[in-house]
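Peer 1:
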Amino acid sequence: MIHPLLVSASAPPPIDSPTIQYGDLSPLLVVAAVALLGVMVEAFAPRALRFTIQTALAIGGIVVALAATVWVGLGLDRASGDVLARGRVVAEGAVAVDGPSVFMWGLVLLFALVSMLLFAERRLEGGLSAFTGQAAAPPGSAMEREAVEHRIEHTEVFPLAMFALVGMMLFPAANDLLTMFVALEVLSLPLYLLCGLARRRRLLSQESAMKYFLLGAFSSAFFAYGIALVYGFAGGFGLGDIDQAVSNRIDGQNLLLAGIALMAVGVMFKVGAVPFHAWTPDVYQGAPTAVTAFMAAGTKVAAFGAMLRLFFVAFGGASWDWRPMFWVVAILTMVVGAVAAVTQSDVKRMLAYSSIAHAGFILVGVTGAFVGTRDASVTSVSSVLFYLTVYGFSTIGAFAIVTIVRDASGETTQLSRWAGLGRESPLVAGAFALFMLAFAGIPLTSGFIGKWAVFSAAWSGGAWPLVVVAVLASVVAASFYVRVIVTMFFTEPTGEGPSVAVPSMATTAVIVVAVVVTVLLGVVPGPVLDLAQSAGAFVR
Amino acid sequence: MVTFWTLAPIMVLAALGVVLARKAVHSALLLAVVMISLAITYASQGAPFLFAVQIIVYTGAIMMLFLFVLMLVGVDASDSLVETIKGQRMMALVVGLTFGVLVVLVVGQGVVGVSVGLGEANANGNVYGLAALMFTKYVLAIEFTAALLITAAVGAMVLAHRERLVPRRSQREESARRLQEYAETGRHPGPLPTPGVYARHNAVDTPALLPDGSPSELSVSRVLRARGSVREGFEGDVGQTLRQLDPDDPTSTIGGSTPRRGGSGRTEES
């Protein structure tokens, strides 16, 4: 007997095929296609050519996707409404192609472009990439030595990074919770893998991958449970539906509040906000430095983008409920990040705690929840976008420098071994000092403008006590950035002192780009700030 | 309602068992109980497609994979329960219970809003309703799941696949190498002696006896020897019996505990 629900009395009406605006989604689709092509290359291209083909494919694909992003961005129509917003919801309501989405697409694509140059660096390891040759070989085994002798490389890292990039682009643009969850997983899974593929210190790298995977899976479960509760409250997955339910309904608030809290855990884990930050130092330290750079910059953009969209669009009507929670988390994040960074003796861990502190500063901007007025003042969304831009470039630059300060056993990440770097190589040390000053928010660097933007947005949004705490935390943070500079320039080197390896054009280009962007955005921030401002609000 | 109240306690108990069971196999079997109960709940809620998928995909495919992995790892393998961080289990318990109570209170008090009802969702049949959602509203999400699956496949290959870097030696080359080695070092080209087979012990951990009564070290796997689980001599049973028969007989100490190498002169295979 067939279940009555499986059959219907008459032939069911045909399902209309969905309308998908492929043009608006073209940047996403280009990157996805490049990732798939990369997997094909792994299967069919001869081994000797794979690295070259993969590099060219990844970089070429990103450039094409960037061009597509510019094209989409220029074609955005102004949406109707009180506040300035451009764009529309496409693909049956799954993706919102609006100003912030396109801005973040461009941003993660640029970060991915420079990160791919770091991925492609082969001069530092004697002609091999920074990734292990044979991930299945146990660390320190004969098999591993064999892999090095035969000079094999894992070129799969390029398609994996492309898949992560697709996730990073889809996550902040997703307009319903299901798509957002899928994007979160697409973004995370390749990163878990990439973290475990370092060529040196492999046990540390594998441990970091395992930790990131377990904790990440845990946070995804929280996110999924939150989605279920919010669905129970609103009766729909679309952010617009949830917004309507939040604005219209007065009963069933419990489900909404629990859902908001659980979903906040998911996104706050991804940005590394306290108390969900525990993975950050271990993973940043263990992962291959190129991956750390990509992850630090890209994941932050994607996760903050999704956080903004989730809390401003879907839960915008309940901002009085979630803002106190954000206050607490922002203060905790800034304080813990800044204070813990002071005690670090490892450069990569120090940068990890610094990234936690910066997540706190960005959260200040988010907490302000300032949607702007008629006159051109900086809104929360545009200030966060600008901060992410300046933070991302400085971070990638700083990690690029970490890859070239080396000794016989690989990267020298002990901070004490960096003493005297200023004498060894004034240019490299000078560049690193510039990034430190930008992180500290010293005027004439991009970091200052970024901090000014998020603080002013939070001030306009009425969160002035938070701004006061943030300024104090920046002072604490500045102390350890200055300590790094003092170590590099004014401390006698111990033993042989650090040595700076000569990288290929790729890494050099990354450092130069990061330096130029950091200085330019500090001196003439206007154009980028205007661009972030003209991105406008989210459409729904 | 009856289905729910029957299944819910079973599911909760089984889920607790998944976490608390010491042996991984027990956890896996209890997980199967949870999954099957969940499937029945789906069926009773008017979601026959989900019911079938839950049984076929989760209980059928994924659980079997779990069990395969467990069989490969070893059924008896159990996790170390030593706390590396002091007081961690206690803290986890407190935090977990607090969270659980909070969620139960919040969700329990929740008022579920106006639901459209299953009747409308299943108006043209359950499968039709699902298809209409999957191929229109959520088609993009479903398509991007492909990226997830490809990542998983590529990742499994990267992490687990070992490429053969030196060509495999053929049977002929291997035997030529063995005889060459025999000519040069005198190492025996044949297989190692088998372990001892006796009335009381016919296990791999019992060494074979050489003609002079001493056990041959080569007849037991070196893994067992490294673990120290090789039976040393026969003091325990044969000797005891002999002593009982004739306490003065000096041969009753047959098979002393000093193992001697086998007569072939073959050295230990590395």
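Protein chains in written order, with numbering that gives the first Met the number 0: chain A, 0 to 539; chain B, 0 to 269. Each residue gets a CB set at the ideal place from its N, CA and C atoms; glycine is no exception.
Give every residue of the same chain whose Cβ lies closer than 7 angstroms to the Cβ of Ser220/B, excluding the five residues on either side of it in the sequence, and list them in chain order.
Peer 2: Along the second sequence, read from residue 1 onward, the residue named residue 220/B stands at position 221. Cβ within range, chain order: Val203.
Peer 1: How about Lys136/B: is its C-beta nearer than 8 angstroms to some C-beta of chain A?
Peer 2: Along the second sequence, one-based indexing puts residue 136/B at 137. By this cut-off, Lys136/B is an interface position.
Peer 1: Going by C-alpha distance, which of Thr240/B, Arg242/B and Gly189/B is nearest Leu217/B?
Peer 2: Translated into positions along the second sequence, residue 217/B becomes position 218. The shortest Cα separation from Leu217/B among Thr240/B, Arg242/B and Gly189/B belongs to Gly189/B.
Peer 1: Between the C-alpha atoms of Asp345/A and Asp76/A, what's the straight-line distance to the nearest angstrom?
Peer 2: Locating residue 345/A in the first sequence gives position 346, where the first residue counts as 1. Locating residue 76/A in the first sequence gives position 77, where the first residue counts as 1. Approximately 48 angstroms, taken between the alpha carbons.
Peer 1: In chain B, which residues lie less than 8 angstroms from His276/A when you measure between Cβ atoms?
Peer 2: For the purposes of this step, residue 276/A is taken as the residue at position 277 of the first sequence. Neighbours of His276/A on chain B: none; closest Cβ ~16 angstroms, over 8 angstroms.
Peer 1: Since Arg161/B meets chain A, which of its residues come closer than 8 angstroms, beta carbon to beta carbon?
Peer 2: Along the second sequence, one-based indexing puts residue 161/B at 162. Chain A residues near Arg161/B: Gln133, Ala135, Ala136 and Met142.
Peer 1: Need the endpoints of the beta strand (DSSP E) that Ala95/A sits in, please.
Peer 2: On the first sequence, residue 95/A is found 96 positions in, with the first residue counted as 1. Start and end: Val94 to Asp97.
Peer 1: Less than 8 angstroms separating the beta-carbons of Leu159/A and Leu109/A?
Peer 2: As a first step, residue 159/A must be located in the first sequence, where it is residue number 160. As a first step, residue 109/A must be located in the first sequence, where it is residue number 110. Cβ distance not < 8 angstroms, so Leu159/A and Leu109/A don't count as in contact.
Peer 1: Please determine if the region 32-49 of chain A and the region 93-107 of chain A are in contact, where contact requires at least 3 C-beta pairs separated by less than 8 angstroms.
Peer 2: Contact fails: fewer than three Cβ-Cβ distances are below 8 angstroms.
Peer 1: Taking 8 angstroms as the CB-CB limit, is Gly154/B close to chain A?
Peer 2: In the second sequence, the residue the question calls residue 154/B occupies position 155. By this cut-off, Gly154/B is an interface position.
Peer 1: How many whole angstroms separate the CB atoms of Phe65/B and Ala27/B, which I take to be in contact at a CB cut-off of 8 angstroms?
Peer 2: Looking up residue 65/B in the second sequence gives position 66. Looking up residue 27/B in the second sequence gives position 28. With a Cβ gap of about 5 angstroms, Phe65/B and Ala27/B count as contacting.
Peer 1: Put Pro214/B into one of helix, strand or coil per three-state DSSP.
Peer 2: Start at 1 with the first residue of the second sequence, and residue 214/B comes out as number 215. In this structure, Pro214/B counts as strand in the three-state DSSP scheme.
Peer 1: Could you tell me whether the Cβ of Phe217/A comes closer than 8 angstroms to any Cβ of chain B?
Peer 2: Translated into positions along the first sequence, residue 217/A becomes position 218. Phe217/A does not count as touching chain B.
Peer 1: Taking the beta strand (DSSP E) that Asp406/A belongs to, which residues open and close that run?
Peer 2: Along the first sequence, read from residue 1 onward, the residue named residue 406/A stands at position 407. Looking at the DSSP string, the run of the beta strand (DSSP E) that includes Asp406/A is Val404 to Asp406.
Peer 1: For the alpha helix (DSSP H) containing Ala348/A, name the first residue and the last one.
Peer 2: On the first sequence, position 349 is the one that residue 348/A refers to. First, the residue type needs correcting, since residue 348/A is Arg and not Ala in the sequence shown. Taken as a continuous stretch (DSSP letters only), the alpha helix (DSSP H) holding Arg348/A covers Val346 to Gly367.
Peer 1: Determine the chain A residues that contact Thr150/B at a beta-carbon separation under 8 angstroms, and present them in chain order.
Peer 2: Numbered from 1 along the second sequence, position 151 holds the residue referred to as residue 150/B. Ordered by position in chain A, the residues that pass the 8 angstroms Cβ test against Thr150/B are Leu159, Phe162, Val185, Leu188, Pro189 and Leu192.
Peer 1: Among the residues of its own chain, which have a CB less than 7 angstroms from the CB of Ala223/A, if the five just before and after it don't count?
Peer 2: The residue labelled residue 223/A in the question sits at position 224 within the first sequence. Counting only Cβ-Cβ distances below 7 angstroms, and skipping sequence neighbours, we find Phe180.
Peer 1: Give the C-beta separation of Leu433/A and Val427/A to the nearest angstrom, bearing in mind that I take them to be a contact with Cβ-Cβ under 8 angstroms.
Peer 2: As a position in the first sequence, residue 433/A is number 434, starting the count at 1. As a position in the first sequence, residue 427/A is number 428, starting the count at 1. That belief does not hold up - the Cβ atoms of Leu433/A and Val427/A are roughly 11 angstroms apart, past 8 angstroms.
Peer 1: With 8 angstroms set as the bound, which would you pick, yes or no: does the beta-carbon of Ile14/A sit closer than that to a beta-carbon of chain B?
Peer 2: Numbered from its first residue, the first sequence carries residue 14/A at position 15. Ile14/A counts as touching chain B.
Peer 1: What residues in its chain sit with their C-beta under 8 angstroms from that of Val481/A, if we drop five residues either side in the sequence?
Peer 2: As a working mapping, residue 481/A is identified with position 482 in the first sequence. Hits under 8 angstroms: Met435 and Ala439.
Peer 1: Output the distance between the C-alpha atoms of Ser459/A and Val453/A, rounded to the nearest integer angstrom.
Peer 2: On the first sequence, residue 459/A is found 460 positions in, with the first residue counted as 1. On the first sequence, residue 453/A is found 454 positions in, with the first residue counted as 1. Each residue's alpha carbon lies about 10 angstroms from the other.
Peer 1: Are the CB atoms of Tyr283/A and Lys347/A nearer to each other than 8 angstroms?
Peer 2: Start at 1 with the first residue of the first sequence, and residue 283/A comes out as number 284. Start at 1 with the first residue of the first sequence, and residue 347/A comes out as number 348. Going by C-beta atoms, Tyr283/A is nearer than 8 angstroms to Lys347/A.
Peer 1: Measure the beta-carbon distance from Leu228/A to Gly258/A and round it to whole angstroms, keeping in mind my assumption that it falls under 8 angstroms.
Peer 2: If you number the first sequence from 1, residue 228/A lands on position 229. If you number the first sequence from 1, residue 258/A lands on position 259. Sure, about 4 angstroms apart at Cβ, within 8 angstroms.
Peer 1: Can you find a C-beta in chain B that's less than 8 angstroms from the C-beta of Ile151/A?
Peer 2: Within the first sequence, residue 151/A is the residue found at index 152, counting from 1. It does; some Cβ of chain B falls within 8 angstroms.
Peer 1: Among Arg85/A, Met115/A and Tyr21/A, whose alpha-carbon lies nearest the alpha-carbon of Met504/A?
Peer 2: On the first sequence, residue 504/A is found 505 positions in, with the first residue counted as 1. It is Met115/A whose Cα lies nearest to the Cα of Met504/A.
Peer 1: I want to see whether chain A comes within less than 8 angstroms of Gln108/B, judged by CB atoms only; does it?
Peer 2: To locate residue 108/B, count along the second sequence from 1; it is residue 109. Yes, its Cβ sits closer than 8 angstroms to a Cβ of chain A.
Peer 1: Roughly how many whole angstroms lie between the Cα atoms of Ile395/A and Ser16/A?
Peer 2: Along the first sequence, one-based indexing puts residue 395/A at 396. Along the first sequence, one-based indexing puts residue 16/A at 17. In a straight line, the C-alpha of Ile395/A is about 43 angstroms away from that of Ser16/A.
Peer 1: Under a CB-based cut-off of 8 angstroms, is Leu318/B close to chain A?
Peer 2: Since the displayed chain B opens at 0 and closes at 269, residue 318/B lies outside it and no answer follows.
Peer 1: So Leu520/A and Ser473/A are supposed to be a Cβ contact under 8 angstroms. How far apart are they, rounded?
Peer 2: Working through the first sequence from its first residue, we reach residue 520/A at position 521. Working through the first sequence from its first residue, we reach residue 473/A at position 474. Actually they are not in contact, since the Cβ atoms of Leu520/A and Ser473/A sit about 18 angstroms apart, beyond 8 angstroms.
Peer 1: Quick one: what does DSSP say Ser498/A is sitting in, helix, strand or coil?
Peer 2: Taking the first sequence and counting its residues from 1, the one referred to as residue 498/A is at position 499. Residue state, collapsed to three classes: strand.
Peer 1: Roughly how far, in whole angstroms, is the beta-carbon of Gly237/A from the beta-carbon of Gly86/A, given that I think they are within contact range, below 8 angstroms?
Peer 2: The count along the first sequence starts at 1 and reaches residue 237/A at position 238. The count along the first sequence starts at 1 and reaches residue 86/A at position 87. Going by Cβ atoms, the distance from Gly237/A to Gly86/A rounds to 16 angstroms, so no, they are not a contact pair.
Peer 1: Tell me whether the beta-carbon of Phe102/A lies closer than 8 angstroms to the beta-carbon of Ala531/A.
Peer 2: Position 103 of the first sequence, counted from the first residue, corresponds to residue 102/A. Position 532 of the first sequence, counted from the first residue, corresponds to residue 531/A. Cβ atoms of Phe102/A and Ala531/A: closer than 8 angstroms.
Peer 1: By alpha-carbon positions, which one of Gly125/A, Gly251/A and Met262/A ends up nearest to Ala233/A?
Peer 2: Translated into the one-based positions of the first sequence, residue 233/A becomes position 234. Of Gly125/A, Gly251/A and Met262/A, the residue nearest in Cα terms is Gly251/A.
Peer 1: Quick check on this structure: which residue in Pro138/A, Leu169/A, Ser382/A and Arg405/A has the alpha carbon closest to the alpha carbon of Phe528/A?
Peer 2: Sequence index remark: in the first sequence, residue 528/A carries index 529 (1-based). Note that residue 528/A corresponds to Leu in the displayed sequence, not to Phe. Comparing Cα-Cα distances from Leu528/A to each of Pro138/A, Leu169/A, Ser382/A and Arg405/A, the minimum goes to Ser382/A.
Peer 1: Would you mind reading off the limits of the alpha helix (DSSP H) that contains Gly231/A?
Peer 2: As a position in the first sequence, residue 231/A is number 232, starting the count at 1. Arg201 to Ala233 is the span of the alpha helix (DSSP H), which, as asked, contains Gly231/A.
Peer 1: For the region 293-300 of chain A against the region 322-335 of chain A, are there 3 or more C-beta pairs whose distance is under 8 angstroms?
Peer 2: The region 293-300 of chain A vs the region 322-335 of chain A: no contact.
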